[in-house]
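Note that the protein sequences, when read in sequence, are chains A and B. Positions 9 to 454 (this note's numbering) are the ones given, in order, by the first sequence. Positions 572 to 1060 (this note's numbering) are the ones given, in order, by the second sequence. Step one of this worksheet: look at the structure below.
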Amino acid sequence: MMNVAVMKTKFEQSLTEQFNHVSARLPGGAAVGVARTAALGRFSALGLPNRRIEEWKYTDLRNALKEPLAVAVDDDTKVTVADLIVALGPLAHLEGPRIVFVNGGWRRELSNLEGAEGIEVAALGATLTAAQDKIGEALAGTTGPDNDAVLALNTAYMTDGAVVRVGDGIEVGKPLLLVFMRAGSEGRFVATRNVVSIGKGAAATIVEAFIGLPGSTAEGQHNSATEIHVGDNARVTHVKIAADTGKATHLSNWMVGLGAEAVYRGFQLNQGLGLARNQIFATYHGEGAKLDLSGLFLGRGAEHIDTTLVVDHAVPRCESRELYKGVLDGEARGIFQGKVIVRPDAQKTDGKQMAQVLMLSPDAEFDSKPELEIYADDVVCGHGSTAAELDTDLLFYLRARGIPLDTARSMLIESFVGEALDRIEHEGVREVVLDFARGWLSKLGR
Amino acid sequence: MAAVEATVEQVKKIDVDQYKYGFETEIESVKAPKGLDEDTVRYISAQKNEPAWMLEWRLDAFQRWKTMTEPTWAKVHHPKIDFQDQYYYSAPKKAAGPKSLDEIDPVILETYKKLGIPLKEQEILAGVQGSRVAVDAVFDSVSVVTTFKEELKKAGVIFCSFSEAVREHPELIRKYLGSVVPQSDNYYAALNSAVFSDGSFVYIPPATRCPMELSTYFRINEKNTGQFERTLIIADRGAYVSYLEGCTAPMRDENQLHAAVVELVALDEAEIKYSTVQNWYPGDKNGRGGIYNFVTKRGDCRGHHSKISWTQVETGSAITWKYPSCILRGDHSRGEFYSIAVSNGYQQVDSGTKMIHLGKNTSSRIISKGIAAGFSQNTYRGLVSAHRKATGARNFTACDSLLIGDKCGAHTVPYIEAKNSSAHFEHEATTSKISEDILFYCRQRGLSQEEAVALVVNGFVRDVLQQLPMEFMAETQKLIGISLEGSVG
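Okay, structure coming up:
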């Protein structure tokens, strides 16, 4: 194989060039600017990930992201509270404080931080400008992989996001909702970054929602990143609901750091996304921590949903659990890549991973790569992956008992996805996720 | 914890130097000049009196090889191989066309005796357990002796060295050579296609059950000789054959390159069972020396209801890079892969399989058992894929790894690609060490620590051992014993 100098695609070229036009309007002081420029340089050098890069084998962004969109900065698309309620759907009923961003910009009038006792919430844009170089330095030392072009793009263009801090020992009852809304008649490239820090012994539930305002263009590219540091003995439930109308691109990175004896439960719902790539990089910093990642991806049409996890057991005595469920209809393609690394001294590691997919259409595709990389001997690790269609025996059983075919099918599908949803501890949040999933399932054809 | 430490201690004690089969036989040999260029390819072809089409095929492969680069994706590390610092051909001088065992150089016969396959005895005794084993022994590169040929001939089975097949059965070779593993398939396959020295050729005629287990014995002997065997097995309609391949090699300091290609073709309702026991020199206890084993093995289930089954026991080689695969092209065809990979010392194993489901209602099964000890790295890498039109594809995969000691690594890299909804794929993998509870239980019942570990390891690999032909069972148990000596008692 020869090494040919690769031509820059239209997207790569545009995203490199646009920086010159918008960089002055991006928030942050000199140090942030330096971090942004460095990140853009990385993106420019790396280019979009393509299938020649092992981690992106099944999701070729170079090929999929052809049309560049204008980078969203200082967006002023008009959105009312009534619009927000409509867009939120089942989420509107979730009780708790919320901070709202439209096309990557914080909207004070739509946000409501009442009842956010014990939890400090601020907009990243304002924080970057106010705190100047301190935050910039922190961002430069981001925990994510430095060879990830998507993350580099995020650092270069991030406009806003939530900065959340929960103090030591504080237990927050109500979930904090971070809303990222896509609105307007033109598709935009939006980059947002959240920085979350949960103090020692604290407890919190955080929900990220990525939604589209009905009536807006279906186009859109959202590049989102969340860094979350979970202190020793802290407990966190972190849920993402990405539910759009089927065309938008959603690129997401979660970088999770776990302190000793911490418990982190992450869940991601993906539906109605034209192209989605969800990356989670979880690293244990202290012993005895527990990580539970789960998710549900629902795809139809020509949708492409990718979940890629890297769980790094860097220290001994930690536990990790992953359970992902997918339902694929039409020509949808689901991808699950889960890598569990157990470092040489991470003895007594306990890791289990499962990815299961239900294929409803003959043209659906599921690619799975559960990977174990183990360098310590006193461990118990396992993974499993299955792909299958609805069990005809079970269908027959139900129908033999007088249940109509449609009902029987939805019963089976709902019970299949239910196992993953049960991993969400917060009841209110679980109900909301179930509502979203039911909404998607109700539109299933035969 | 005490038991772990004991095991670790035991593993440390394993003297890799005690490699039983490390000896050299001094026989004069004919060598090609060192290095690789077009002339080397021509030299090899000329030495074997090959027809022009064969030489052209080799040269074509060589041209392709020159444009390729070494693959780097496997989890193995080794210094860059200097392909110009190798001998590409070596043949024992006196061994030209013997008619019976009596004509064979007694030194070679003695070598085999040490290896535990006394040809003579085998011919006389006609095998153990009532079954017969024909041995096509490859001494370095040239097939020295073929036993039981007469008997096979009666059944219509062709079992001969590759060079002979090129001369005697060109129509079969031209039809099937490279049809499963094309010349440019991968870097090492291309290299093999250009310079392959010899190997075995098997053709089973329609509706014939091969009357005995076929066996070949590879052995790398001459210093700095890369071995490039090429095996081609064709089972015609309704035929059945079981083929055994076993390897040992003498001890050596310099790394030796080995790049073999095995092609299997199963036509309608045919079945091929291919078993391998690989026990080449793994390097000394400091990781010096040892064989580099880069093998391309692939079976093509070309006909409907055909079946190909790979069974491998990998205990040797410093580096193993090997993925026996099945292309399930025919409807209702079946592929199986059973593997035991034992690594110790500084061995690196990156092995697995590919099951490519193309036909309708195809099924496959993968059982892989990896045992890593010492400082070794043991990787399972596999692909299961069902193409759009491969409706009703079924796969079950189980890969388990056992770790002995805290300096080794066990990795699992499976790729599962289901491109249609009726595919039914199940994959599971586990990695663990030997459970303290189980050891405690065994010891409580009066077994020593070593016996207990042996019992567990034997149980761990049982599923795969059972797939081996009887003739190989005993040898295999012995090999695993040698490889893990100390920890399995």
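Glycine included, every Cβ here is placed at the ideal spot set by N, Cα and C. All of these numbers come straight from a predicted model, not from anything done at the bench.
Where in the segment 146 to 214 of chain A do unbroken runs of the alpha helix (DSSP H), each at least 4 residues long, occur, reported from the N-terminal end onward?
Here the runs fully enclosed are 157 to 165.
Going along the chain, which residues of its own chain have a beta-carbon closer than 6 Å to the beta-carbon of A:Lys-333, five neighbours each way excluded?
Taking the first sequence and counting its residues from 1, the one referred to as residue 333 of chain A is at position 325. Leu-304, Gln-364, Val-425, Ala-428, listed in sequence order.
Scan the segment 979 to 990 of chain B for residues whose Cβ lies nearer than 8 Å to a Cβ of chain A and list them as they occur along the chain.
Going along the segment 979 to 990 of chain B in chain order, one finds Cys-979, Gly-980, Ala-981, His-982, Thr-983, Val-984, Pro-985, Tyr-986, Ile-987, Glu-988, Ala-989, Lys-990 with a Cβ nearer than 8 Å to chain A.
In terms of alpha-carbon separation, which member of A:Lys-248, A:Gln-26, A:His-434, A:Arg-196 lies closest to A:Thr-257?
Translated into the one-based positions of the first sequence, residue 257 of chain A becomes position 249. Comparing Cα positions, the closest option is A:Arg-196.
Are any of the Cβ atoms in chain B nearer than 8 Å to that of A:Cys-326?
Locating residue 326 of chain A in the first sequence gives position 318, where the first residue counts as 1. Chain B, which has no Cβ nearer than 8 Å to the Cβ of A:Cys-326, makes this no.
Does the CB of B:Phe-633 have a neighbour CB from chain A at under 8 Å?
On the second sequence, position 62 is the one that residue 633 of chain B refers to. For B:Phe-633, the answer is no, since every Cβ of chain A falls outside 8 Å of its Cβ.
Verify whether the separation of the beta carbon atoms of A:Cys-389 and A:Leu-402 is less than 8 Å.
The residue you call residue 389 of chain A lines up with position 381 of the first sequence. The residue you call residue 402 of chain A lines up with position 394 of the first sequence. Contact: no.
With a CB to CB cut of under 7 Å and the five nearest residues on each side skipped, what residues in its chain are close to A:Leu-442?
Against the first sequence, residue 442 of chain A aligns to sequence position 434. Around A:Leu-442: Leu-429.
Tell me, which residues are paired with B:Val-833 by DSSP?
As a first step, residue 833 of chain B is located in the second sequence; it is residue number 262 there, counting from the start. Its beta-bridge partners are B:Thr-802, B:Lys-868.
With DSSP collapsed to three states, give me the class of B:Cys-731.
Position 160 of the second sequence, counted from the first residue, corresponds to residue 731 of chain B. Here B:Cys-731 sits in strand by DSSP.
With burial defined as no fewer than 16 other Cβ atoms inside 10 Å of the residue's Cβ, what is the status of A:Val-89: buried or exposed?
In the first sequence, counting from the first residue as 1, residue 89 of chain A sits at position 81. Looking at its Cβ environment, which holds fewer than 16 other Cβ atoms inside 10 Å, A:Val-89 is exposed.
Chain B beta carbons: is any one of them nearer than 8 Å to that of A:His-391?
Position 383 of the first sequence, counted from the first residue, corresponds to residue 391 of chain A. Answer yes: the Cβ-Cβ gap between A:His-391 and chain B drops below 8 Å somewhere.
Could you confirm whether any beta carbon from chain A is found closer than 8 Å to the beta carbon of B:Phe-996?
Position 425 of the second sequence, counting from 1, holds the residue named residue 996 of chain B. With 8 Å as the cut-off, B:Phe-996 counts as an interface residue toward chain A.
From the DSSP output, in three-state form, read off A:Arg-446 for me.
Taking the first residue of the first sequence as position 1, residue 446 of chain A is located at position 438. DSSP places A:Arg-446 in helix when its eight states are reduced to three.
Can you give me the Cβ contacts of B:Tyr-1063 inside the same chain, cut-off strictly under 6 Å, excluding the 5 residues immediately before and after it?
Limits of chain B in this structure are 572 at one end and 1060 at the other, which puts residue 1063 of chain B out of reach.
Relative to chain B, which residues along the segment 393 to 405 of chain A have a C-beta separation below 8 Å, given in chain order?
Result list: Ser-393, Thr-394, Ala-395, Ala-396, Glu-397.
With a cut-off of 8 Å on the beta carbons, I'd call A:Val-319 and B:Ser-1003 a contact; round off their distance for me.
In the first sequence, counting from the first residue as 1, residue 319 of chain A sits at position 311. In the second sequence, counting from the first residue as 1, residue 1003 of chain B sits at position 432. With 8 Å as the limit, A:Val-319 and B:Ser-1003 do not qualify as a contact, their Cβ atoms being about 17 Å apart.
Write down every uninterrupted run of the beta strand (DSSP E) in the segment 962 to 1038 of chain B whose length is 3 residues or greater and which is fully enclosed by it, in chain order.
Here the runs fully enclosed are 965 to 975, 980 to 989, 995 to 1003.
Which of the residues in the segment 370 to 391 of chain A, read from start to end, lie with their CB under 9 Å from any CB of chain B?
Under the 9 Å Cβ criterion, the segment 370 to 391 of chain A contributes Pro-370, Asp-371, Ala-372, Glu-373, Phe-374, Asp-375, Ser-376, Lys-377, Pro-378, Glu-379, Leu-380, Glu-381, Ile-382, Tyr-383, Ala-384, Asp-385, Asp-386, Val-387, Val-388, Cys-389, Gly-390, His-391.
What number of angstroms, rounded off, separates the C-alpha of A:Asp-314 from the C-alpha of A:Arg-201?
Counting from 1 along the first sequence, the entry for residue 314 of chain A is found at position 306. Counting from 1 along the first sequence, the entry for residue 201 of chain A is found at position 193. If I take the Cα positions, the gap works out to 20 Å.
Could you give the first and the last residue of the continuous beta strand (DSSP E) run that contains B:Phe-946?
By one-based count along the second sequence, residue 946 of chain B stands at place 375. Per DSSP, B:Phe-946 belongs to no beta strand (DSSP E) and is neither H nor E.
In the structure shown, what three-state DSSP assignment does A:Val-425 receive?
Counting from one through the first sequence, the residue named residue 425 of chain A turns up at place 417. Three-state result, A:Val-425: helix.
Hey, could you find the ends of the beta strand (DSSP E) A:Trp-262 is sitting in?
Taking the first residue of the first sequence as position 1, residue 262 of chain A is located at position 254. That run of the beta strand (DSSP E) goes 257 to 266.
Would you please verify whether the beta carbon of B:Ser-992 is less than 8 Å from any beta carbon of chain A?
Here residue 992 of chain B corresponds to residue number 421 of the second sequence, with the count starting at 1. For B:Ser-992, the answer is yes, since a Cβ of chain A falls inside 8 Å of its Cβ.
Taking Cβ-Cβ distances shorter than 8 Å, what residues in chain D pair up with A:Leu-368?
Looking at the structure shown, chain D is missing, and the protein chains on hand are A and B.
Just verifying my parser: in three-state terms, what is the DSSP assignment at A:His-29?
Taking the first residue of the first sequence as 1, we reach residue 29 of chain A at position 21. Helix, per DSSP.
Say whether the segment 128 to 141 of chain A touches the segment 213 to 225 of chain A, bearing in mind that this needs 3 or more beta-carbon pairs closer than 8 Å, one atom from each stretch.
Taking 8 Å as the limit for Cβ pairs, the verdict is that the segment 213 to 225 of chain A does not touch the segment 128 to 141 of chain A.
Should A:Phe-444 be labelled buried (16 or more other beta-carbon atoms within 10 Å of its own) or exposed?
Stepping through the first sequence from its first residue, residue 444 of chain A is reached at position 436. It counts as buried.
Which whole-angstrom value is the C-beta distance of B:His-982 and B:Lys-646, which I expect to be below 8 Å?
One-based indexing of the second sequence puts residue 982 of chain B at position 411. One-based indexing of the second sequence puts residue 646 of chain B at position 75. Rounded, the Cβ-Cβ distance is 6 Å, consistent with contact.
Anyone know if the C-beta pair for A:Arg-438 and A:Arg-273 falls short of 8 Å?
Residue 438 of chain A sits at position 430 when you count from the first residue of the first sequence. Residue 273 of chain A sits at position 265 when you count from the first residue of the first sequence. Not in contact: A:Arg-438 and A:Arg-273 (Cβ atoms no closer than 8 Å).
Could you have a look at A:Pro-378 and say whether DSSP puts it in helix, strand or coil?
For this step, residue 378 of chain A is matched to residue 370 along the first sequence. Three-state result, A:Pro-378: strand.
Alpha carbon to alpha carbon, how far is B:Arg-859 from B:Val-866? Give it in angstroms, no decimals.
Within the second sequence, numbered from 1, the residue matching residue 866 of chain B stands at position 295. Within the second sequence, numbered from 1, the residue matching residue 859 of chain B stands at position 288. C-alpha separation (whole angstroms): 21 Å.
Quick one: using the 10 Å Cβ neighbour count with 16 as the cut-off for buried, is A:Gln-287 buried or exposed?
If you number the first sequence from 1, residue 287 of chain A lands on position 279. By the neighbour-count rule (16 or more Cβ atoms within 10 Å), A:Gln-287 is buried.
Distance check for A:Asp-82 and B:Ser-914, CA to CA, integer angstroms please.
Here residue 914 of chain B corresponds to residue number 343 of the second sequence, with the count starting at 1. Here residue 82 of chain A corresponds to residue number 74 of the first sequence, with the count starting at 1. Roughly 59 Å separates the two Cα atoms.
Tell me, please, whether the CB atom of A:Met-9 is closer than 8 Å to any CB atom in chain B?
Sequence index remark: in the first sequence, residue 9 of chain A carries index 1 (1-based). Residue placement at A:Met-9 is flagged as unreliable, the pLDDT there being 41, under the threshold of 50; a coordinate-derived value is accordingly withheld.
Residues of chain A with a CB under 9 Å from the CB of B:Gly-1017: which are they?
On the second sequence, residue 1017 of chain B is found 446 positions in, with the first residue counted as 1. Within chain A, no residue comes near B:Gly-1017; the closest Cβ sits about 26 Å away, beyond 9 Å.
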